[in-house]
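Encoded as structure tokens, the structure appears first; notes follow it.
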């Protein structure tokens, strides 16, 4: 039987405080588990798009091939930008107890993420301007779908990042915000990993 004692430094019974701490820990564990399940489901979605590209990526329909339209130097720069954003995101989690430093690293993450998005949009606009539109061939359809899906994830990740920055500035890095920061970090690193696969499988293999 649980002893009903009181905490002298609090108006709540000690068993209530302990139960609240245990429930909070269980809630955090459940949040991380649920987020991992989301990442795994997202990974399956990307896997489907990779398979579609693998099947359709050589169907040019007399249109341009990868080597005709890919600017590897530009893609390499955007890849470096995303890798740097992932690095700065890691620093944000390392200084999670210091809200000011965490916000600074998150803003650096946003800066490099925005550079990546701008370069990707520029690539799409250029392709469309030269007639390499999605409906031109199965290759272009699968290419725009895969790269565009990743770009949308990065865009909404940036929206999440700015919302998180506002929350940290308003309330500091209390446990819930620290947990949100960790979930965002996992999401951002996941996008970084997916992009490395896109860069290797779509761009590099396409021009070799």
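Residue numbers (my numbering): 2 to 209.
A virtual CB, placed ideally from N, CA and C, is assigned to each residue, including glycine.
Go to residue 100, then tell me how far its alpha helix (DSSP H) extends in each direction, as first and last residue.
To locate residue 100, count along the chain shown from 1; it is residue 99. Segment 100-130, the alpha helix (DSSP H) holding residue 100.
DSSP state of residue 176 mapped onto helix, strand, coil
The sequence position of residue 176 within the chain shown is 175, counting from 1. The three-state secondary structure of residue 176, taken from DSSP, is helix.
Other residues of its chain near residue 147: CB distance less than 6 Å, five sequence neighbours each side excluded
Reading the chain shown from its first residue, position 146 is the one you call residue 147. Excluding residues within five positions, the ones whose Cβ falls inside 6 Å are 50 and 54.
Coil, strand or helix - residue 33 by DSSP
Locating residue 33 in the chain shown gives position 32, where the first residue counts as 1. Residue 33: helix per DSSP, three-state reduction.
Select from 114, 58, 157 and 38 the residue whose C-alpha is nearest the C-alpha of residue 79.
Within the chain shown, numbered from 1, the residue matching residue 79 stands at position 78. Cα-wise, what sits closest to residue 79 is 114.
For a quick check, are the C-beta atoms of residue 83 and residue 117 less than 8 Å apart?
Translated into positions along the chain shown, residue 83 becomes position 82. Translated into positions along the chain shown, residue 117 becomes position 116. A contact, by the Cβ cut-off of 8 Å.
Unbroken alpha helix (DSSP H) run spanning residue 91, endpoints:
In the chain shown, residue 91 corresponds to position 90, counting from 1. Taken as a continuous stretch (DSSP letters only), the alpha helix (DSSP H) holding residue 91 covers 73-95.
Just the Cα atoms here: how many angstroms apart are residue 99 and residue 39?
The residue given as residue 99 occupies position 98 in the chain shown. The residue given as residue 39 occupies position 38 in the chain shown. Using only the alpha carbons, I get a separation of about 28 Å.
What did DSSP end up calling residue 138 once you bin it into helix, strand or coil?
Counting from one through the chain shown, the residue named residue 138 turns up at place 137. In the structure shown, residue 138 sits in coil (DSSP, three-state: anything other than H, G, I, E or B).
C-beta contact flag for residue 109 and residue 151 at 8 Å
As a working mapping, residue 109 is identified with position 108 in the chain shown. As a working mapping, residue 151 is identified with position 150 in the chain shown. Not in contact: residue 109 and residue 151 (Cβ atoms no closer than 8 Å).
Coil, strand or helix - residue 60 by DSSP:
As a position in the chain shown, residue 60 is number 59, starting the count at 1. Coil.
From the DSSP output, in three-state form, read off residue 167 for me.
For the purposes of this step, residue 167 is taken as residue 166 along the chain shown, with counting starting at 1. Residue 167 falls in the helix class under three-state DSSP.
For the putative contact between residue 85 and residue 165, defined by C-beta atoms under 8 Å, what is the C-beta separation to the nearest angstrom?
Here residue 85 refers to the residue found at position 84 when the chain shown is read from its first residue. Here residue 165 refers to the residue found at position 164 when the chain shown is read from its first residue. Going by Cβ atoms, the distance from residue 85 to residue 165 rounds to 19 Å, so no, they are not a contact pair.
Whose C-beta lies closer than 7 Å to the C-beta of residue 65 among residues of the same chain, with five residues either side of it excluded?
Residue 65 sits at position 64 when you count from the first residue of the chain shown. The residues are 133.
Could you tell me the alpha carbon to alpha carbon distance between residue 76 and residue 189, rounded to whole angstroms?
Residue 76 sits at position 75 when you count from the first residue of the chain shown. Residue 189 sits at position 188 when you count from the first residue of the chain shown. Whole-angstrom Cα-Cα distance: 19 Å.
Label residue 136 either buried or exposed according to how many other C-beta atoms from any shown protein chain fall within 10 Å of its C-beta, with 16 as the threshold for buried.
Counted from its first residue, the chain shown places residue 136 at position 135. Under this definition residue 136 is an exposed residue.
Euclidean distance between Cα positions of residue 140 and residue 45:
Stepping through the chain shown from its first residue, residue 140 is reached at position 139. Stepping through the chain shown from its first residue, residue 45 is reached at position 44. In a straight line, the C-alpha of residue 140 is about 21 Å away from that of residue 45.
Kindly indicate which residue of 35, 73, 171 and 186 has the alpha-carbon position closest to the one of residue 204.
The residue given as residue 204 occupies position 203 in the chain shown. Here the closest residue by C-alpha is 73.
Residue 24 by DSSP, collapsed to three states: which one?
Here residue 24 refers to the residue found at position 23 of the chain shown. Because residue 24 sits at a pLDDT of 47, beneath the cut-off of 50, its placement in the model cannot be relied upon, and the point is left open.
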